[in-house]
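Per the working numbering: the sequence shown = residues 141 to 692.
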Amino acid sequence: MKRRDLLKHMGAAIPAVALSGVARAADALAAPAPGAIAAGPFSPDWNSLEKYQTPDWFRNAKFGIWAHWGPQCEPEYGDWYGRLMYEEGSDAYRHHVSTYGHPSKFGFKDIIHQWKAEQWDPDALVAFYKRAGAKYFVALANHHDNFDLYNSRHQPRWNSTSMGPRKDLIGGWSKAARANGLRFGVSVHAAHAWTWYETAQGADKNGPYAGVPYDGKLTRADGKGKWWEGLDPQALYAQNHAPSKSGGDGGVQHEQWHWGGGASIPDQAYNDKFFNRTRDLIDNYDPDLVYYDDTVLPLWPFSDAGPRLAAHMYNRSIARKGKLEAVVNGKILNAQQRRGMVLDIERGQSNKIEELPWQTCTCIGNWHYDRRVYDNKAYKSAQTVVHTLIDVVSKNGNLLLSVPVRGNGTIDEQERAIVEEIGRWIAVNGEAIYDTRPWTMFGEGPVASAAGAPMSGAGFNEGKGKPFSAADIRFTSKGDAVYAFVMGWPASGQLAIAAMGSGGAHLARPVTRVELLGGGPALAFRQTAEGLQVTLPADRPALAYANALKIT
Numbered sequence: 141m142k143r144r145d146l147l148k149h150m151g152a153a154i155p156a157v158a159l160s161g162v163a164r165a166a167d168a169l170a171a172p173a174p175g176a177i178a179a180g181p182f183s184p185d186w187n188s189l190e191k192y193q194t195p196d197w198f199r200n201a202k203f204g205i206w207a208h209w210g211p212q213c214e215p216e217y218g219d220w221y222g223r224l225m226y227e228e229g230s231d232a233y234r235h236h237v238s239t240y241g242h243p244s245k246f247g248f249k250d251i252i253h254q255w256k257a258e259q260w261d262p263d264a265l266v267a268f269y270k271r272a273g274a275k276y277f278v279a280l281a282n283h284h285d286n287f288d289l290y291n292s293r294h295q296p297r298w299n300s301t302s303m304g305p306r307k308d309l310i311g312g313w314s315k316a317a318r319a320n321g322l323r324f325g326v327s328v329h330a331a332h333a334w335t336w337y338e339t340a341q342g343a344d345k346n347g348p349y350a351g352v353p354y355d356g357k358l359t360r361a362d363g364k365g366k367w368w369e370g371l372d373p374q375a376l377y378a379q380n381h382a383p384s385k386s387g388g389d390g391g392v393q394h395e396q397w398h399w400g401g402g403a404s405i406p407d408q409a410y411n412d413k414f415f416n417r418t419r420d421l422i423d424n425y426d427p428d429l430v431y432y433d434d435t436v437l438p439l440w441p442f443s444d445a446g447p448r449l450a451a452h453m454y455n456r457s458i459a460r461k462g463k464l465e466a467v468v469n470g471k472i473l474n475a476q477q478r479r480g481m482v483l484d485i486e487r488g489q490s491n492k493i494e495e496l497p498w499q500t501c502t503c504i505g506n507w508h509y510d511r512r513v514y515d516n517k518a519y520k521s522a523q524t525v526v527h528t529l530i531d532v533v534s535k536n537g538n539l540l541l542s543v544p545v546r547g548n549g550t551i552d553e554q555e556r557a558i559v560e561e562i563g564r565w566i567a568v569n570g571e572a573i574y575d576t577r578p579w580t581m582f583g584e585g586p587v588a589s590a591a592g593a594p595m596s597g598a599g600f601n602e603g604k605g606k607p608f609s610a611a612d613i614r615f616t617s618k619g620d621a622v623y624a625f626v627m628g629w630p631a632s633g634q635l636a637i638a639a640m641g642s643g644g645a646h647l648a649r650p651v652t653r654v655e656l657l658g659g660g661p662a663l664a665f666r667q668t669a670e671g672l673q674v675t676l677p678a679d680r681p682a683l684a685y686a687n688a689l690k691i692t
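Here is the structure:
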């Protein structure tokens, strides 16, 4: 069977009988033996994992903020810098050569060494995000660059306590989140370092450095007399292997991202090290949520490391908290996998009410801080973020919003203004967001009527549909109330909601009251068979691009 078929159809490829002994090998509250997972009701197979139930805290939270921050933010030159700096002729390569020197002499390991995060203040940032309405906070634990941002026993030299900032970043974020009463999550991306760094094995094809190898194949012995003497670059780069077969994507796009299409498959030592690093992260920092930037789970389907980590986290949560409070995010899930974890859609949205809770992750700029976005004033507006939040929540989802952090650990004033505006909007309309559930339909209007932009891979359909206007409505519900979000302010001051007509299929009882969140008297309305006709106040709210009506 082709690997793409495995990914599409494989729901229970690892039998429970083969792994149930491992699942019982360690006490949930003791340090488990290498490769073992916490004891409990979950075993690392999909027939067991599909019994998962999403905890209420996540379903009620609706809005989280993410610090997708690590050493690739130090150059302030955008996403995937640690890979693209080794692609001759790319923007990142040209920036790197002009700023730092040639990647045969100054590689990504040297970027890490230079990164100090000297102005990082997690307490101030997380408190700011709480004031903006976030109910959970997620911090990057490692990226595809393979550098751990915590005190990592299984990546002891290439982590932020031993190099670069020389600080326990995850420890600082975790403490700040909990001090502010927020649920805490971590994102884990390092499973892909094996193929992601393959560009570092190369060399220029042209110019004065033609044929001179980049630093991706260096060994411990090569460090004699250098700042990294005694360190093994392969513990970071993991490039002591033949590269993926040429498929035009260098091992990281399309099928090769899913470990198909001729991708080089990591060896057992790499898989074991990834498992141990991640289990150590879960055990020592006790996150409520782990976001895996992987198709399904890390190293799936050729390794069972991902299902073991999911089962470990679930069992550990039950043992420590008395019930399952853990959330695990993964991407591109089949129906059975979808029941075993919470689907994440990257930079995209569903076009229907999803039966199970889900999350979209997006960013107001590039994932890694990019000074060019700031210079060009190209961040997403607060209006765009608010419209996305409403649309996602109306379909049973959460929004996880990344606010890019500069290399020094701060956010810029443009980002701060956007987050502050989101907070002002939520302060007025949050009642219609938090603790809600979908109504009988997610919305009506031109955007709902149009064919939704199809997702590509893990998502990537945001901004491809029709823009919202005052003719678009989105719904949420809580108790006896239905909330209708008007995605703008009608010039006429009159609003018609067709789904709330008398005798229709969506309302069991007549409407008795309509009010605009944020205060003021009840609004005049008339309910007919054609819909609910509402007269809006003469004075527009300060942020009139999205307005919540409470209908009882």
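Built from N, CA and C at the ideal position, the CB exists for glycine as well.
query = Is it the case that the Cβ atoms of L541 and W206 are separated by a distance below 8 angstroms?
reply = yes
Touching by the beta-carbon criterion (3+ pairs, under 8 angstroms), the segment 411-429 and the segment 317-328 = They touch, by the three-pair rule.
key: Sequence-distant residues of its chain with Cβ nearer than 6 angstroms to R479 (five each side left out)   = E190
ask   = Which residues does DSSP pair with K471 in a beta bridge?
value = T435
ask   = By the 10 Å Cβ neighbour count, where 16 or more other Cβ atoms means buried, how is E553 classified, buried or exposed?
value = exposed
Cβ shell of A201 (< 8 angstroms), same chain only, five flanking positions each side left out = K275, Y276, R323, N538, Y574
task = For Q341, write down the residues that DSSP places opposite it in a beta bridge.
result = Paired residues: none, contrary to the question.
query = Between I691 and A621, which are expected to be in contact by the criterion C-beta below 8 angstroms, what is the C-beta distance as a whole number of angstroms?
reply = Confirmed, about 7 angstroms.
inquiry  = Strictly by DSSP, which residues pair up with I504?
reply    = BP columns for I504 are empty, so no partner.
ask   = Taking C-alpha atoms, which residue in Q634, G592, L657, K618 lies nearest to V568?
value = L657
key: Simplified DSSP assignment, three categories, for A170   = With a pLDDT of 47 at A170, under the threshold of 50, the modelled position of that residue is not reliable, and no figure is offered here.
ask   = Out of curiosity, what's the CA-to-CA distance linking G161 and Y454?
value = No answer about G161 holds up, because its pLDDT of 34 lies below 50 and its placement is not dependable.
task = Could you check the C-alpha separation between G605 and R271 for me, to the nearest Å?
result = 31 angstroms
inquiry  = Quick check on DSSP: helix, strand or coil for V482?
reply    = strand
ask   = Whose CA, out of T194, I493, W498, P586, lies closest to the CA of E486?
value = Of the listed residues, the one whose Cα sits closest to E486 is W498.
Rounded straight-line distance, which links the Cα of R649 to that of H149 = Interpretation of H149 is limited by its pLDDT of 37, a score under 50 that renders its predicted location unreliable; the figure taken from the coordinates is listed afterwards. Using only the alpha carbons, I get a separation of about 45 angstroms.
key: Same chain only: Cβ atoms within 6 angstroms of F248, ignoring 5 sequence neighbours per side   = Excluding sequence neighbours, F248 sits near G222.
query = Just the Cα atoms here: how many angstroms apart are G363 and H394?
reply = 36 angstroms
Buried or exposed by the 16-neighbour rule on C-beta atoms within 10 Å, applied to N346 = exposed
query = Hey, out of F665, I551, A590, G633, whose CA is closest to E258's CA?
reply = Ranking the options by Cα distance to E258, first place goes to I551.
task = Assign G641 to one of two classes, buried (16 or more other C-beta atoms within 10 Å of its C-beta) or exposed (fewer than that).
result = buried
inquiry  = From the DSSP secondary-structure annotation, give me the bridge partner or partners of F665.
reply    = DSSP lists V674 as partners of F665.
query = Going by C-alpha distance, which of Y377, N291, W565, D679 is nearest G273?
reply = W565
query = In three-state DSSP terms, what is R614?
reply = For R614, the secondary structure class from DSSP, reduced to helix, strand or coil, is strand.
task = Give the single residue among F625, Y519, I472 whose Cα lies nearest to the Cα of H527.
result = F625
task = Enumerate in chain order the residues of its own chain whose CB-to-CB distance from F182 is below 7 angstroms, with the five nearest sequence positions on each side excluded.
result = Excluding positions up to five away in sequence, the list reads S188, L189, A451, Y454, N455.
message = Does the segment 399-412 come into contact with the segment 332-339, if we say contact requires no fewer than three beta-carbon pairs (one atom in each stretch) closer than 8 angstroms?
response = yes
message = Tell me the DSSP secondary structure of E228 in three-state form.
response = coil
ask   = Does the count of Cβ pairs from the segment 578-592 and the segment 606-614 closer than 8 angstroms reach three?
value = yes
key: Proximity of I493 and S521 at Cβ, strictly below 8 angstroms   = no
inquiry  = Please classify R666 as buried or exposed, where buried requires at least 16 other C-beta atoms within 10 Å of its C-beta.
reply    = exposed
query = If we count the other Cβ atoms within 10 Å of its Cβ and call it buried at 16 or more, is P583 buried or exposed?
reply = According to the sequence displayed, residue 583 carries Gly and not Pro. By the neighbour-count rule (16 or more Cβ atoms within 10 Å), G583 is buried.
request  = Have a look at R448 and P184 and give me their C-alpha separation to the nearest angstrom.
outcome  = 5 angstroms
key: CB contact flag (V651, L672, <8 angstroms)   = yes
message = If distances are taken between C-alpha atoms only, which option among V545, S244, Y431 comes closest to E216?
response = It is V545 whose Cα lies nearest to the Cα of E216.
ask   = For S327, which of helix, strand or coil comes out of DSSP?
value = strand
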